[in-house]
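If you read the sequence shown in our numbering, its first letter stands for residue 5, the second for the next number, and so on.
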Amino acid sequence: MAEGREAVDATAPATSSRDRVARSILDHGPSSAADLAERLGLTQAAVRRHLDALTAAGLVTSREQKVYGHRGRGRPARVFLLTDSGRNTFYQAYDQLAADALGFLAQAVGGGERGKEALAAFARARLARDAERYAAALGGCEDAEAKAQALAGALTADGYAATVRSAPLGEQLCQHHCPVAHIAEQFPQFCEAETELFSQLLGTHVQRLATIAHGDGVCTTFVPRAAPPPHHEKPIETTATNDATAASGRNPA
5 MAEGREAVDA
15 TAPATSSRDR
25 VARSILDHGP
35 SSAADLAERL
45 GLTQAAVRRH
55 LDALTAAGLV
65 TSREQKVYGH
75 RGRGRPARVF
85 LLTDSGRNTF
95 YQAYDQLAAD
105 ALGFLAQAVG
115 GGERGKEALA
125 AFARARLARD
135 AERYAAALGG
145 CEDAEAKAQA
155 LAGALTADGY
165 AATVRSAPLG
175 EQLCQHHCPV
185 AHIAEQFPQF
195 CEAETELFSQ
205 LLGTHVQRLA
215 TIAHGDGVCT
225 TFVPRAAPPP
235 HHEKPIETTA
245 TNDATAASGR
255 NPA
């Protein structure tokens, strides 16, 4: 870290409240001081002191909270999110080694489109190791919400801090942490392969709305709900016509 900045140790237990505040933002995404206080069992005044220190160190920044639908009176709440420097404190130095190795792989097969295809194949193979386990977690789930919840649980177990929130026409699968964000920033094939896997597991086309690798606070994937079965109108009764035809003894044709 640059001189004067406090590093957050992601590997050691979160012994200081300031580390816990930073880790909570990493795990849960943009959070207000009230959210953090409730989550960590601290007073809002204490949380704000830690946020001020983290902001001064360049590890945290803030913005107005996005409000969907009608906004009430008063000033909108502010939420805090990690900066790139803040995220850097949670990544291992192996990131650069991995990036160098992937760049070498792409060039070794000829670069260009061949290199991109090789990276995509590697990304798919890497995820294939987890696909069977994720599929087992979804076993028995019938609707989109249940499947998304089960997948979020499996992803959380692998360090993605995933949650699900309801949205119009579907569910939003949110990953508040991405262990390979720095790699995916340079090689988008990893995000693309993950989206393909989600689509296969959930049995429907999904849409990536945001990614940490592209600078968003959370990786968000939209999972549409299944369309309701078509409504068939009750056929028009023709009893009266048939009775009249029968009485006349004539063929309706």
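Cβ coordinates follow ideal geometry from the N, Cα and C atoms, glycine included.
Determine the closest residue to residue i out of the options, with distance taken between C-alpha atoms.
| i | options | result |
| --- | --- | --- |
| Q153 | T225, V51, A214 | T225 |
| A135 | E146, A158, R169 | A158 |
| T65 | R52, R53, F84, A50 | F84 |
| N92 | R128, A26, L205 | A26 |
| T47 | P34, S21, A127 | S21 |
| F126 | R43, P172, A188, L206 | A188 |
| A171 | G33, Q111, D99, L213 | L213 |
| A122 | G107, R133, Q179 | G107 |
| A184 | H32, S36, F94 | One point to set straight first is that residue 184 is Val, not Ala, in the sequence displayed. It is F94 whose Cα lies nearest to the Cα of V184. |
With burial defined as no fewer than 16 other Cβ atoms inside 10 Å of the residue's Cβ, what is the status of residue i: buried or exposed?
| i | result |
| --- | --- |
| H209 | exposed |
| D56 | exposed |
| E68 | exposed |
| L63 | buried |
| K211 | In the sequence on display, residue 211 carries Gln and not Lys. Exposed is the call here. |
| G90 | buried |
| D23 | buried |
| E198 | buried |
| G73 | Residue confidence is low: G73 scores 49 on pLDDT, short of 50, so the model does not pin down where it sits. Its coordinate-derived value is still stated next. The residue in question, G73, is exposed, as its Cβ has fewer than 16 Cβ neighbours within 10 Å. |
For residue i and residue j, I'd like the C-alpha separation in whole angstroms.
| i | j | result |
| --- | --- | --- |
| H186 | D88 | 10 Å |
| L177 | A60 | 32 Å |
| G174 | P228 | 4 Å |
| H218 | P192 | 9 Å |
| G144 | A150 | 9 Å |
| I216 | G115 | 26 Å |
| L86 | L30 | 7 Å |
| D162 | A139 | 14 Å |
| L44 | R52 | 13 Å |
| R169 | V113 | 42 Å |
| R82 | S36 | 6 Å |
Where does residue i fall in DSSP's three states?
| i | result |
| --- | --- |
| E146 | coil |
| C178 | strand |
| A102 | helix |
| Q69 | coil |
| T167 | strand |
| A41 | helix |
| S35 | strand |
| A214 | strand |
| L46 | coil |
| V25 | helix |
| F94 | coil |
| R229 | coil |
| F191 | coil |
| V51 | helix |
| T87 | coil |
Is the beta carbon of residue i within less than 6 Å of some heavy atom of the ligand SAM?
| i | result |
| --- | --- |
| E68 | This structure simply doesn't include the ligand SAM, nor any ligand for that matter. |
Using 7 Å as the limit for Cβ to Cβ distance, is residue i near chain B?
| i | result |
| --- | --- |
| K120 | The structure shown contains no chain B; it is built from a single protein chain. |
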